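The sequence shown begins at 1 in the UniProt record's numbering and counts up one residue at a time.
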Amino acid sequence: KADFLTALANKGETPGEIAAFASELRDKALPVPLDDETRGREMLDVCGTGGDKLGTFNISTTVALIAAAAGVTVAKHGNRAITSKSGSADVLAELGIPIDLTPEQVAASLRDYGFAFLFAPGYHPAFRHIMPARKLCADRGQRTVFNFLGPLLNPARPTSQLIGVPKGELCEPIARVLQSLGIRRGMVVNGKAGDSAMDELSTLGENTVAEFYQDRGFSVSRDEPSLFPLKPATLDDLKGGDAEENAATIRAILAGEDRGPRRDAVLLNAAHALFVAARTKSAIEGWDLAASVIDDG
């Protein structure tokens, strides 16, 4: 299995192949029994695929918490660390947020609180058979199609998604897959950080953005983040650690105590997440809303 995944990655997965994997695994996932009112809301997931090997703190997880505080219903689908020191499940558990919710508990949490975490291994029984091979590939430094699939398999079936990928050339094909799966509004991003690239929007350089409305077309752009009031920063400013260290970073940002480059990175990504979820009419407006959510406690 590891050799097959490696060969597929080396060949380069086509959007059709990724979509076929995703459709099959989505159908096999445990369903979340949402009521009609919750199902009728705009629902967001925001995550990175991992694989950029930069060791930044959990930016997208912080963004998910801010989006929920801003009134967006957020179904965060994730896992423990595979290629990093701290996955979304690790840091949320450290923050005291439940990560082992049943489908019924997820439905209730989304209905009552507008936020829930879906721990991927608990919702995808089929993954149990592939996890040893995926872990072996990760130990070799080899990404697999499962890096792309994780963000595409949210059992809550969100209506909007912001996904970060480790290479700019992946933005368009992954966005095409997302569109084919019926997501209403999607954005797939990659950011430059010097000679490196990150699976987030970057405050350090040019960003590649592929976005679509389900019924209103598709676009790919490359933009500098200069429209936003960013402080000078380096990649080292965004480095993370283990779950305990990253949880402390997130607490400091959300408490308004850290007002430096890490806050900027969170605000830039939150700005686009709020825009994708139709909470704001632009990313600029999203930046202001995200900042006020933090500053107003």
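No residue lacks a Cβ here, since even glycine has one placed at the ideal position from N, Cα and C.
Values in this document were obtained by computation on a predicted structure and should not be read as measured data.
Report task. Throw me the rounded Cβ distance for the Arg-185 and Tyr-213 pair, which I believe falls under 8 Å. Result -> With a contact defined as Cβ atoms closer than 8 Å, Arg-185 and Tyr-213 qualify at about 6 Å.
Query raised in the report: Taking Glu-13 as the reference, which of Leu-149, Thr-159 and Thr-61 has the closest Cα?
Result: Out of Leu-149, Thr-159 and Thr-61, Leu-149 has the C-alpha closest to the C-alpha of Glu-13.
Report task. State the beta-bridge partners of Glu-211 as determined by DSSP. Result -> Note: Glu-211 sits in a beta bridge opposite Met-187 and Ser-219.
**Report entry** Range covered by the alpha helix (DSSP H) that runs through Gln-179
**Finding:** Counting along the chain, the alpha helix (DSSP H) containing Gln-179 begins and ends at 171 to 180.
Query - Inter-stretch contact (C-beta, 8 Å, three-pair minimum) for the stretch 249 to 261 and the stretch 48 to 55 - result: The stretch 249 to 261 is not in contact with the stretch 48 to 55.
Query raised in the report: Is Glu-244 buried or exposed, if buried means 16 or more other CB atoms sit within 10 Å of its CB?
Result: Using a 10 angstroms sphere on the CB of Glu-244, the tally of other CB atoms stays under 16, which defines it as exposed.
Query raised in the report: Between the beta-carbon of Pro-166 and the beta-carbon of Ser-202, is there less than 8 Å?
Result: Pro-166 places its beta carbon 8 Å or farther from that of Ser-202.
Query raised in the report: Closest to Trp-287 by CA distance: which of Val-46, Lys-11 and Ala-70 is it?
Result: Out of Val-46, Lys-11 and Ala-70, Ala-70 has the C-alpha closest to the C-alpha of Trp-287.
Requested in this report: Check the DSSP bridge columns for Thr-203 and list the partner residues they point to.
Outcome: None; Thr-203 has no bridge partner.
Query raised in the report: In the DSSP assignment, what are the bridge partners of Lys-47?
Result: Strictly speaking, residue 47 in this sequence is Cys, with Lys absent from that position. Cys-47 pairs with Ile-163.
Query raised in the report: Relative to the alpha-carbon of Lys-239, which residue among Ala-193, Ala-271 and Ala-210 has its alpha-carbon at the smallest distance?
Result: The shortest C-alpha to C-alpha distance from Lys-239 to any of Ala-193, Ala-271 and Ala-210 is the one to Ala-193.
Query raised in the report: Thinking just about the alpha-carbon of each residue, which of Arg-216, Ser-23 and Asp-236 is nearest to the one in Ser-196?
Result: For Ser-196, the nearest C-alpha among the options comes from Asp-236.
Requested in this report: Can you tell me which of the three DSSP states Phe-119 falls into?
Outcome: In this structure, Phe-119 counts as strand in the three-state DSSP scheme.
**Report entry** Range of the contiguous alpha helix (DSSP H) that encloses His-272
**Finding:** Start and end: 261 to 276.
Requested in this report: Could you tell me how far apart the beta carbons of Asp-45 and Pro-155 are, in whole angstroms, since I believe they sit closer than 8 Å?
Outcome: Beta-carbon to beta-carbon, Asp-45 and Pro-155 are separated by about 11 Å, too far to satisfy the 8 Å threshold.
**Report entry** For Lys-239, three-class secondary structure by DSSP
**Finding:** It is a strand residue.
Requested in this report: Can you check DSSP and say which residues form a bridge with Ser-196?
Outcome: Its beta-bridge partners are Ala-193.
Query raised in the report: What's the C-alpha gap between Arg-279 and Ile-183?
Result: For Arg-279 and Ile-183, the distance between alpha carbons rounds to 16 Å.
Query - 8 Å contact criterion, which Leu-204 and Ala-233 should meet: CB distance rounded - result: Rounded, the Cβ-Cβ distance is 6 Å, consistent with contact.
**Report entry** Under the three-state DSSP convention, the category Thr-56 falls into
**Finding:** In the three-state DSSP reduction, Thr-56 falls in the strand class (E or B).
Query raised in the report: Considering only residues of the same chain and omitting the five flanking positions on each side of Ala-93, which have a CB-CB separation below 6 Å?
Result: Only Ile-99 meet the Cβ criterion.
Query raised in the report: Does the count of Cβ pairs from the stretch 129 to 138 and the stretch 28 to 41 closer than 8 Å reach three?
Result: The stretch 129 to 138 and the stretch 28 to 41 do not touch, with fewer than 3 CB-CB distances between them shorter than 8 Å.
Requested in this report: Return helix, strand or coil for Gly-141, following the three-state DSSP convention.
Outcome: Gly-141: coil per DSSP, three-state reduction.
Requested in this report: Please work out which residues of its chain come closer than 7 Å, Cβ to Cβ, to Thr-6, disregarding the five sequence neighbours upstream and downstream, and give them in chain order.
Outcome: Within the same chain, Thr-6 has close Cβ partners Cys-137 and Gln-142.
Query raised in the report: Terminal residues of the continuous alpha helix (DSSP H) containing Ser-75?
Result: Note on identity: in this sequence residue 75 is Ala, with Ser being the wrong assignment. Looking at the DSSP string, Ala-75 is not in any alpha helix (DSSP H); the run it does join, the beta strand (DSSP E), is 73 to 78.
Query raised in the report: Can you tell which of Asn-58, Gly-217 and Ser-292 has the C-alpha that lies nearest to the C-alpha of Ser-86?
Result: Taking each of Asn-58, Gly-217 and Ser-292 in turn and checking the Cα distance to Ser-86, the smallest one comes out for Asn-58.
Query raised in the report: Ends of the alpha helix (DSSP H) at Ala-9?
Result: 2 to 11 is the span of the alpha helix (DSSP H), which, as asked, contains Ala-9.
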